[in-house]
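**Q** I'd like to ask you about the structure that follows.
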Amino acid sequence: DGAPLLRVAVDGGGCSGFQYSFSLDSAPGVKPNDRVFERDGARVVVDDVSLTFLKGATVDYVEEMIKSSFAISDNPNAESGCGCGSSFVAK
Numbered sequence: 001d002g003a004p005l006l007r008v009a010v011d012g013g014g015c016s017g018f019q020y021s022f023s024l025d026s027a028p029g030v031k032p033n034d035r036v037f038e039r040d041g042a043r044v045v046v047d048d049v050s051l052t053f054l055k056g057a058t059v060d061y062v063e064e065m066i067k068s069s070f071a072i073s074d075n076p077n078a079e080s081g082c083g084c085g086s087s088f089v090a091k
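Mapping to the UniProt record's numbering: the sequence shown position 15 is 15, numbers consecutive.
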């Protein structure tokens, strides 16, 4: 299947210590330490390290008047977030 996958990762940085990153990937780009989740035809890939920070969180697509983007919500592993919406402090 040639459909792209959404890669969600957690990287060090941002104004709160960690930040979410989103990119498109292809099936050949999936590595052995990646986990692939599928729901309603959408596939999301997460690496092992990022999964520890994302377990139990919700990946959503948010449409606003000035922009549309992917976002992480209800992350039980985040103690607090930043106003930018892409940075957080881990518990």
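Glycine residues also receive a C-beta, built at the ideal position from the N, C-alpha and C atoms.
These figures come from a predicted structure and were not determined experimentally.
What residue from T52, N75, A42 has the CA that sits closest to P4's CA?
**A** Your numbering for residue 4 matches position 4 in the sequence shown. Cα-wise, what sits closest to P4 is A42.
**Q** Distance, Cα to Cα, G12 vs G2?
**A** Here residue 12 refers to the residue found at position 12 of the sequence shown. Here residue 2 refers to the residue found at position 2 of the sequence shown. Taking the straight line from one Cα to the other gives about 31 Å.
**Q** Which residues does DSSP pair with F37 in a beta bridge?
**A** Position 37 of the sequence shown, counted from the start, is the residue given in the question as residue 37. Answer by DSSP bridge pairing, in chain order: V44.
**Q** Whose C-beta lies closer than 6 Å to the C-beta of S73 among residues of the same chain, with five residues either side of it excluded?
**A** As a working note, residue 73 is residue 73 in the sequence shown. If we look at S73 and ignore the five residues flanking it on each side, its Cβ neighbours are T58, D60.
**Q** Taking a contact to mean a Cβ-Cβ separation below 8 Å, would you say R35 touches L51 in this structure?
**A** For the purposes of this step, residue 35 is taken as the residue at position 35 of the sequence shown. For the purposes of this step, residue 51 is taken as the residue at position 51 of the sequence shown. Yes. Within cutoff.
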